[in-house]
Amino acid sequence: MKSRLLWTALLLCGLSSRSWGFSVPNLAYLSDALTRFQTMATQIGVSDAQIHLGAYNLSQLMTTVHGKAIAIRNWDIVHSSELPETPATVERLQESAEKKASRMKVPPPTRRAMIRASLMNRAGLMGFADLPKHVLGLYQYWKKNLRLGFIKLHKDLPFFALLVGDDLAYDPVIHENTHAENHQEGDLGEESIKDEMKAFHNEQQWLKIVDPYGERVCFLRAKLMNLSQRYHFPIFNRTLTFLEHLAEIQATGGDEEKLRQVVLSRGYRNDDHERRGPMSS
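The structure is reproduced here in structure tokens:
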């Protein structure tokens with residue numbers, strides 16, 4: 001029990017802060033301090049309070065340079081108590097996203113995709129469906145016809161929201177509604193790569209709002225790796241795959257060439273003949 005408490009305390013002190021302008025302290029001294037802490041924590045008669053105090057002192061050492069404490073802030077993570085208790089509906093995803101966006105500056109293309117999502121939802125043109133594992137969403141429409149198509153979102157998305165939060169689970173909604181909005185503007189057609197780059201860029205912009213430092217996705221990936229190894233439930237592996245996708249989009253930083261490489265890695269080509277007639281993207 002004490003060993004478990006020790007490593008939990010160490011993990012928490014490591015995840016609790018992020019440094020600005022951080023310089024690496026003397027690693028030999030830090031290693032020695034860690035060894036002393038471990039030795040103390042495993043001794044008989046040492047109380048939990050002493051272990052917590054030792055972990056706190058160690059965390060202070062990790063964020064101190066030349067004896068001066070530097071500015072730190074908490075990691076951007078959503079704690080379990082803040083996650084939803086039931087699978088998401090399309091309506092709830094939209095409401096959660098709009099609530100988040102109301103407190104942030106949203107780029108115009110991303111805002112237009114959100115407005116389009118609200119319109120599609122109210123018109124009954126967006127819902128969950130049994131899609132292939134590798135497809136998070138689908139916008140089906142008729143080529144050379146501006147009549148609105150239909151958006152299908154993967155049926156697992158409501159359960160992703162349980163594990164990662166509504167705002168991250170909203171990401172595929174942004175992607176597909178970028179296609180829908182471009183379609184209504186007459187700007188969705190033969191150039192699959194360009195179309196997908198726009199949608200992925202909007203994803204990146206949304207993730208920048210929801211997780212500006214990439215810390216939530218990082219933390220959740222570690223959490224889901226642990227869960228998927230301990231409990232072999234398919235939903236944990238599926239959610240982890242979803243988070244890996246988000247991390248890949250975040251890593252582009254919105255760079256056009258990096259986004260192009262992501263699109264190409266998904267198998268999109270401009271001569272994709274499957275995009276004729278009723279088209280999917």
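With the working numbering, you'll find the sequence shown wraps up at 281, consecutive numbering, no jumps. We put the beta carbon where it would ideally sit given N, CA and C, even for glycine.
CA-to-CA distance, residue j to residue i, given in whole angstroms
i           : j           : result
residue 109 : residue 165 : 23 Å
residue 31  : residue 217 : 29 Å
residue 199 : residue 133 : 20 Å
residue 204 : residue 123 : 27 Å
residue 46  : residue 211 : 39 Å
residue 209 : residue 40  : 43 Å
residue 270 : residue 153 : 24 Å
residue 129 : residue 147 : 21 Å
residue 143 : residue 189 : 7 Å
residue 88  : residue 99  : 15 Å
residue 257 : residue 214 : 20 Å
Assigned exposure category for residue i - 16 Cβ within 10 Å defines buried
i           : result
residue 135 : exposed
residue 236 : buried
residue 192 : buried
residue 53  : exposed
residue 83  : exposed
residue 104 : exposed
residue 206 : buried
residue 268 : buried
residue 49  : exposed
residue 43  : exposed
residue 195 : buried
residue 250 : buried
residue 149 : buried
Where residue i falls: helix, strand or coil (DSSP)
i           : result
residue 233 : coil
residue 123 : coil
residue 153 : strand
residue 43  : coil
residue 54  : helix
residue 136 : coil
residue 129 : strand
residue 221 : helix
CB-CB length for residue i against residue j, believed under 8 Å
i           : j           : result
residue 181 : residue 112 : 5 Å
residue 286 : residue 120 : Lying outside 1 to 281, the shown extent of the chain, residue 286 is not represented and no answer is given.
residue 117 : residue 140 : Rounded, the Cβ-Cβ distance is 16 Å, inconsistent with contact.
residue 127 : residue 176 : Not a contact, Cβ separation roughly 11 Å.
residue 252 : residue 262 : 6 Å
residue 309 : residue 171 : The chain is shown only over 1 to 281; residue 309 falls outside these bounds and no answer can be derived.
Residue i at chain B interface by Cβ criterion, 8 Å
i          : result
residue 50 : The structure shown has no chain B; it contains just one protein chain.
Closest Cα partner of residue i within the set the options
i           : options            : result
residue 107 : 254, 268, 169      : 254
residue 220 : 87, 238, 143       : 238
residue 202 : 130, 157, 241, 173 : 173
residue 151 : 131, 160, 162, 144 : 131
residue 233 : 163, 85, 244       : 163
residue 241 : 157, 85, 188       : 157
residue 260 : 197, 250, 248, 214 : 197
residue 85  : 42, 35, 160        : 160
residue 33  : 249, 55, 48        : 55
residue 169 : 243, 51, 223       : 243
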